[in-house]
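Novice:
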Amino acid sequence: MRCYWQPVALLDEFDPALDPRMASRPVKRVRMLGQDLVLFRDGTGRYGLLDRDCPHRGADLAFGRHEPEGLRCPFHGWKFAVDGRCLETPAEGVGSTLCARVRQRSYPVREQSGVLFAWFGPVGSTPPELPALDAFRAPPSHSFAFKGLWHCNWLQAFEVGIDPAHPSFLHRYLRDEQGGDAYGRQFRAASVGDVNGERWPMTRVMRERTSPEIRHEEIAPGLTRITALRIINDHLTHVRVTHALFPYTFVIPLSETVTITQMHVPVDDTHTYWYSFFTSFDKPLDKVTMRAQRLQGLSLPDYVPLHGAHDDWGFDPEEQRTRTYLGMGEEDINRHDQWAVESMGPIQDRTREHLGTSDKVIMANRRMLLKAIEQVQQGGRAPMALDAEQAAALTGPDTMDCIAPADRWDAFWREAAAAKRARAAWLSGSASALASSEAHR
Ligand code: FES
Ligand SMILES: [Fe+2]
Numbered sequence: 103m104r105c106y107w108q109p110v111a112l113l114d115e116f117d118p119a120l121d122p123r124m125a126s127r128p129v130k131r132v133r134m135l136g137q138d139l140v141l142f143r144d145g146t147g148r149y150g151l152l153d154r155d156c157p158h159r160g161a162d163l164a165f166g167r168h169e170p171e172g173l174r175c176p177f178h179g180w181k182f183a184v185d186g187r188c189l190e191t192p193a194e195g196v197g198s199t200l201c202a203r204v205r206q207r208s209y210p211v212r213e214q215s216g217v218l219f220a221w222f223g224p225v226g227s228t229p230p231e232l233p234a235l236d237a238f239r240a241p242p243s244h245s246f247a248f249k250g251l252w253h254c255n256w257l258q259a260f261e262v263g264i265d266p267a268h269p270s271f272l273h274r275y276l277r278d279e280q281g282g283d284a285y286g287r288q289f290r291a292a293s294v295g296d297v298n299g300e301r302w303p304m305t306r307v308m309r310e311r312t313s314p315e316i317r318h319e320e321i322a323p324g325l326t327r328i329t330a331l332r333i334i335n336d337h338l339t340h341v342r343v344t345h346a347l348f349p350y351t352f353v354i355p356l357s358e359t360v361t362i363t364q365m366h367v368p369v370d371d372t373h374t375y376w377y378s379f380f381t382s383f384d385k386p387l388d389k390v391t392m393r394a395q396r397l398q399g400l401s402l403p404d405y406v407p408l409h410g411a412h413d414d415w416g417f418d419p420e421e422q423r424t425r426t427y428l429g430m431g432e433e434d435i436n437r438h439d440q441w442a443v444e445s446m447g448p449i450q451d452r453t454r455e456h457l458g459t460s461d462k463v464i465m466a467n468r469r470m471l472l473k474a475i476e477q478v479q480q481g482g483r484a485p486m487a488l489d490a491e492q493a494a495a496l497t498g499p500d501t502m503d504c505i506a507p508a509d510r511w512d513a514f515w516r517e518a519a520a521a522k523r524a525r526a527a528w529l530s531g532s533a534s535a536l537a538s539s540e541a542h543r
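Per this note's numbering, the sequence shown starts with residue 103, numbered consecutively.
1) Mapping DSSP to helix, strand and coil, what is residue 399?
2) I need the residues with a C-beta less than 5 Å from some heavy atom of ligand 1; please give them in chain order.
3) Are residue 107 and residue 221 closer than 7 Å when you measure CB to CB?
4) Would you decide whether residue 387 is buried or exposed? Buried here means 16 or more other CB atoms lie within 10 Å of its CB.
5) CA-CA distance, residue 258 and residue 169?
6) In its own chain, which residues sit with a C-beta less than 7 Å from the C-beta of residue 307, not counting the 5 before and 5 after it?
7) From this set, 310, 314, 216 and 163, which residue's C-alpha is nearest residue 154's C-alpha?
8) At what residues does the beta strand (DSSP E) containing residue 132 begin and finish?
9) Measuring CB to CB, does residue 471 end up less than 7 Å from residue 233?
10) Pairing CB atoms from the region 240-249 with CB atoms from the region 119-132, are three or more of them under 8 Å?
11) Mapping the DSSP letters down to three states, classify residue 477 as helix, strand or coil.
12) Starting from residue 352 and walking both ways along the alpha helix (DSSP H), at which residues does that stretch end?
13) Taking only heavy atoms of ligand 2 into account, decide whether any of them is closer than 6 Å to the Cβ of residue 439.
14) To the nearest angstrom, how far is it from the Cα of residue 403 to the Cα of residue 302?
15) Quick one, are the C-beta atoms of residue 429 and residue 418 less than 7 Å apart?
16) Using the beta-carbon count (16 or more within 10 Å), is residue 118 buried or exposed?
17) Closer than 7 Å by C-beta to residue 323: which residues in its own chain qualify, once you throw out the five before and the five after it? Chain order, please.
18) Have a look at 398, 354 and 224 and flag the residue whose alpha-carbon is nearest the alpha-carbon of residue 382.
19) What are the boundary residues of the beta strand (DSSP E) that residue 382 is part of?
20) Under the three-state reduction of DSSP, which class applies to residue 214: helix, strand or coil?
21) Are residue 464 and residue 261 closer than 7 Å when you measure CB to CB?
22) How is residue 124 classed by DSSP in three states: helix, strand or coil?
23) Could you give the DSSP three-state label for residue 277: helix, strand or coil?
24) Is the Cβ-Cβ distance between residue 275 and residue 426 less than 7 Å?
25) Under the rule that 16 or more other beta-carbon atoms within 10 Å means buried, what is residue 342, buried or exposed?
26) Using only the alpha-carbon positions, how far apart do residue 242 and residue 378 sit?
27) Given this structure, state the Cα-to-Cα distance separating residue 346 from residue 148, to the nearest angstrom.
28) Please classify residue 365: does DSSP put it in a helix, a strand, or coil?
29) Quick check: what's the CA-CA separation for residue 112 versus residue 141?
30) Between 227, 392, 358 and 476, which has its C-alpha nearest residue 104's C-alpha?
31) One question on the structure: do residue 254 and residue 110 come within less than 7 Å of each other, judged by their Cβ atoms?
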């Protein structure tokens with residue numbers, strides 16, 4: 103995990119409109135990879151991420167006084183800049199040089215597509231580049247980032263997203279109509295293409311064709327294409343193409359024009375933040391609406407779901423009998439996934455599971471993970487730890503949900519994906535479209 107930039111906060115979390123405390127004190131406590139950290143923005147707008155225990159006598163810097171030049175420990179007034187330099191040790195008196203000999207561990211932070219990423223590699227090491235994914239290339243108008251906390255290990259969180267069989271069950275609506283505004287909701291949109299002139303919502307395909315043929319292929323080191331084929335009739339096949347990027351990112355279609363790139367970031371062994379990047383290949387996204395809808399299911403400032411184990415995830419047996427397969431609401435399929443991964447327990451006991459052929463992507467992913475761990479332990483480079491050239495070459499990846507002629511489904515989805523890319527104005531520029539800016543390295 104220390105071979106990759108890790109999302110540590112949404113830029114939104116520093117927006118006083120969402121968290122009024124940020125207007126006067128842009129300081130957040132952060133936990134990542136089992137470490138306690140403090141994230142703050144100084145008076146010049148630079149972000150710093152520091153270990154939380156003050157290097158003097160260990161008091162918690164998350165309670166620090168926010169000053170334009172940095173964060174000051176309230177115990178004895180030591181002050182730290184965003185890069186960890188100690189700026190003052192006021193109790194030491196005139197002439198003390200102690201300050202010059204103290205440095206708090208700091209972690210490089212960069213902003214990308216509405217998210218602050220941090221680098222937790224060894225001191226002085228060079229971070230890899232972020233790949234040139236669509237999610238990172240789209241301009242702010244066409245991208246939206248959101249996150250949420252799950253009370254479970256990151257791997258089981260990731261394994262739900264790369265499981266092409268589960269939408270037929272876990273996310274099944276017993277009927278297609280839905281009241282209310284489903285803007286940006288998964289599986290409600292129609293698949294690309296038609297069945298005898300009729301548009302089919304993804305949810306109908308999933309409900310009526312429950313046993314997909316699953317294919318997976320590592321198309322580049324650490325990049326897996328997952329294809330699920332569902333036969334519609336003699337002439338038509340439903341094709342769903344998604345991708346998994348080592349170690350914990352999937353890229354899936356939300357609709358004909360929007361994709362979701364979702365990362366599963368380890369807070370510690372038993373907590374995970376999912377970070378979703380929504381990317382539009384067509385019109386700008388209505389971020390205000392998307393954010394407001396999603397915030398209804400979470401509590402700020404920590405993006406903790408309102409439903410969970412404490413209330414049986416809002417389970418309603420009557421809904422399960424009449425409206426949905428699961429019985430945990432129609433509005434937010436994220437809650438379905440939350441139940442799946444949290445109800446296994448914080449760390450699933452995998453000695454008790456029985457994998458079938460529909461789990462072959464999960465098996466392949468576990469083999470890849472074990473191999474990568476071994477590779478890194480022997481001093482090798484981890485998959486997806488990219489140098490600049492490799493990162494620039496890793497574009498896309500395409501996603502598709504379409505109904506294709508059975509005899510040429512492979513060509514059909516590729517053509518549909520190319521047509522989608524051709525419509526994206528922001529892709530016609532070159533790498534200059536990169537919406538990247540570095541806050542502090
Ligand atoms: S413990 Fe922080 S200044 Fe003394
Ligand atoms: Fe799901």
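The C-beta atom is built at its ideal place from N, Cα and C for all residues, glycine as well.
Specialist: Well, looking at it:
1) Looking at residue 399 - three-state DSSP - the assignment turns out to be coil, as it is neither helix nor strand.
2) In chain order, the hits are 156, 158, 159, 161, 175, 177, 178 and 180.
3) Contact: yes.
4) The residue is buried, with at least 16 neighbouring Cβ atoms inside 10 Å.
5) Distance from the CA atom of residue 258 to the CA atom of residue 169, rounded to whole angstroms, is 41 Å.
6) Only residues of its own chain outside the window of five on either side were considered, and among them 293, 332 and 340 have a CB closer than 7 Å to the CB of residue 307, listed in chain order.
7) Nearest C-alpha to residue 154: 163.
8) That run of the beta strand (DSSP E) goes 129-134.
9) Contact flag unset, no.
10) Because the criterion of three Cβ pairs below 8 Å is not met, the region 240-249 and the region 119-132 do not touch.
11) It is helical.
12) For residue 352, there is no enclosing alpha helix (DSSP H); the residue is part of the beta strand (DSSP E) that begins and ends at 351-355.
13) Distance from the C-beta of residue 439 to the nearest heavy atom of ligand 2 is below 6 Å.
14) If I take the Cα positions, the gap works out to 39 Å.
15) Yes.
16) By the neighbour-count rule (16 or more Cβ atoms within 10 Å), residue 118 is not buried but exposed.
17) Cβ-Cβ distances below 7 Å link residue 323 to 485 in the same chain, with the five nearest sequence neighbours on each side left out; the list follows chain order.
18) Selected option, being the one with the closest Cα: 354.
19) Residue 382 -> beta strand (DSSP E) spans 373-382.
20) In the three-state reduction of the DSSP assignment, residue 214 falls in the strand class, which pools E and B.
21) Cβ distance < 7 Å, so residue 464 and residue 261 count as in contact.
22) Three-state result, residue 124: helix.
23) It is coil, neither helix nor strand.
24) Closer than 7 Å, so yes.
25) Residue 342 comes out buried.
26) Between residue 242 and residue 378, the C-alpha separation is close to 14 Å.
27) Rounded to whole angstroms, residue 346 to residue 148 spans 32 Å at the Cα level.
28) Correct three-state label for residue 365: strand.
29) Near 12 Å, if we compare the C-alpha coordinates of residue 141 and residue 112.
30) It is 227.
31) With respect to residue 110, residue 254 sits apart: the two C-beta atoms are not nearer than 7 Å.
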